[in-house]
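If you're matching positions, the sequence shown starts at 35 in the numbering used here and goes up one per residue.
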Amino acid sequence: MAGCSSSSKESAVNTSSEANNNSNSSKSSDASSSNKESKSESAKTTSADIVSGIEINKADISATAKFYPYESDGIKMEVLALKANDGTIRTALNTCQVCYSSGKGYYVQEGNELVCQNCGNRFVLNMVGKSKGGCNPVPISDTSKVDDGNKIIIDKNYLDKNKAYFSNWKA
């Protein structure tokens with residue numbers, strides 16, 4: 035939603051800039067540039083923007099997936115974190131976007147893959163947090179977490195909103 039309102043504001047600035055184009059084109063350019071900077075700044079999530087649900091110490095993360103438990107209104111959930119080949123830390127909900135309702139739609143690591151315990155789909159570790167849809171772990175977007183350099187903080191509100199994925203989890 036934040037992106038939508040920023041786009042609307044930018045559109046409004048561009049519309050008024052076009053109307054005033056003959057009177058002062060440099061003002062229009064400055065406003066557009068300033069708006070783009072504001073849009074970039076507002077798109078970056080900070081620790082002040084989220085409520086801590088799970089904190090992941092980055093020093094503890096390796097190519098072996100680590101699983102972090104969380105509970106929301108009595109529903110047990112899990113986030114997985116691992117270090118990809120490019121050195122980035124990837125996070126996702128440890129539940130399958132397709133098989134979650136089966137109770138067995140969660141992942142176990144085998145070598146450099148995660149395996150869905152319901153359908154057996156194999157998912158390459160380097161794709162965690164990047165692939166959406168299909169039989170894959172549910173990615174956690176950058177707007178739902180903050181990396182402060184030492185730890186990654188997953189937003190409590192995001193976790194609570196996604197508890198339905200876990201309502202029959204590991205049943």
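C-beta atoms are modelled at their ideal positions from N, C-alpha and C, and glycine is treated no differently.
Which value, in whole angstroms, describes the spacing of the CA atoms of residue 167 and residue 193?
18 Å
Starting from the Cα of residue 145, find the closest Cα among 128, 152 and 157 and give me that residue.
157
For a test of the three-state rule: what should DSSP assign to residue 117, helix, strand or coil?
strand
Pairwise C-alpha distance: residue 98 and residue 159
9 Å
Let's test the definition: count the other Cβ atoms within 10 Å of the Cβ of residue 121 and tell me whether it reaches 16, buried, or not, exposed.
exposed
State the start and end residues of the unbroken beta strand (DSSP E) segment that holds residue 179.
179-181
Are there 16 or more other CB atoms within 10 angstroms of the CB of residue 178, so buried, or fewer, so exposed?
buried
Report the three-state DSSP secondary structure of residue 189 (helix, strand or coil).
strand
Any idea what DSSP makes of residue 198, helix, strand or coil?
helix
Cβ-based neighbour list, residue 89, same chain, cut-off 7 Å, excluding 5 preceding and 5 following:
These residues qualify, in order along the chain: 185 and 187.
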